[in-house]
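Numbering (the UniProt record's numbering), first residue to last: 1 to 175. Reviewing the structure listed below.
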Ligand code: HEM
């Protein structure tokens with residue numbers, strides 16, 4: 001019987017996964033709406049709130065992870081696969097921060113403050129900057145494409161473990 005992830009790790013994993021997928025889809029949908037409409041503005045707000053929540057949860061998750069080890073990989077897994085899994089997990093942690101942070105900075109560069117759930121304004125850590133704005137927009141877009149690629153690989157690996165290797169690795173992250 002394999003060692004499982006703890007309930008804390010499982011809650012962090014799936015909560016962040018749902019918020020990232022939701023923010024990603026919302027990002028594509030909202031930027032596709034022509035002109036400026038109340039619906040578009042509402043979607044932009046929801047997108048930003050979901051993204052900022054990902055950033056906050058990612059920080060908590062990283063702090064938690066640094067003091068708790070992950071269960072070891074099955075002995076049957078070749079060393080290169082363990083290395084690849086480790087590298088991809090590191091990349092996912094990095095993108096969990098870089099993607100929302102780039103969106104946050106892009107919004108500030110446009111001179112728009114982020115008011116979390118309409119309740120309080122988040123720190124304005126950067127002044128409006130019309131020159132940086134198009135650059136940060138591109139950075140947010142391409143980091144998102146990188147994130148989509150990394151999540152795709154992560155998903156493919158999980159399915160390979162489940163249906164080809166049949167080594168119970170996916171079950172360790174299921175409630
Ligand atoms: C996990 C977090 C996030 C994900 C997955 C995500 C994803 C995306 C995606 C896929 C787009 C569409 C890009 C395009 O087609 O041009 C987008 C656009 C955008 N995002 Fe994010 N985002 C996240 C966090 C944030 C945060 C925290 C903010 C700001 C507080 C933000 C602000 C924006 C804005 C303003 C746009 C519109 C860009 C434009 O005007 O073309 N995002 N995001």
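A virtual CB, placed ideally from N, CA and C, is assigned to each residue, including glycine.
Tell me, please, which residues DSSP counts as bridged to residue 163. Within the DSSP bridge table, the entry for residue 163 names no partner.
Drop a sphere of 10 angstroms on the beta-carbon of residue 86, count the other beta-carbons inside from all chains shown, and report buried for 16 or more, exposed for fewer. Counting the other CB atoms within 10 Å of its CB gives residue 86 a total below 16, which places it among the exposed residues.
Spell out the partners DSSP gives residue 120 in its beta bridges. The partner list for residue 120 (beta bridge, DSSP) reads 116.
Return helix, strand or coil for residue 68, following the three-state DSSP convention. Annotated three-state conformation of residue 68 is coil, per DSSP.
Starting from residue 100, follow the alpha helix (DSSP H) in both directions and report where the run begins and ends. Counting along the chain, the unbroken alpha helix (DSSP H) around residue 100 starts and ends at 79-109.
Residue 154: CB within 7 angstroms of a non-hydrogen atom of the ligand HEM: No, Cβ of residue 154 sits at least 7 angstroms from all heavy atoms of the ligand HEM.
DSSP state of residue 127 mapped onto helix, strand, coil: Of the three classes helix, strand and coil, the one that applies to residue 127 here is coil, per DSSP.
With 16 as the cutoff for other CB atoms within 10 Å, does residue 166 come out buried or exposed? By the 10 Å Cβ count, residue 166 comes out exposed.
Going by the CB atoms, is the gap between residue 109 and residue 132 shorter than 8 angstroms? In contact: residue 132 and residue 109 (Cβ atoms closer than 8 angstroms).
Closest Cα partner of residue 151 within the set 115, 138 and 94: Nearest option by C-alpha distance: 94.
How many angstroms separate the CA atom of residue 129 from the CA atom of residue 111? Straight-line Cα distance between these residues: approximately 7 angstroms.
Taking 7 angstroms as the limit between beta carbons, can you name the residues of its chain near residue 162, skipping five residues before and five after? The residues are 170.
Assuming residue 66 contacts residue 15 (C-beta within less than 8 angstroms), just tell me the rounded distance between them. Their Cβ separation, rounded to whole angstroms, is 19 angstroms, which puts residue 66 and residue 15 out of contact at 8 angstroms.
Exposed unless 16 or more other CB atoms sit within 10 angstroms - verdict on residue 68: Label assigned to residue 68: exposed.
Is the distance from the Cβ of residue 116 to the Cβ of residue 136 below 8 angstroms? No. Outside cutoff.
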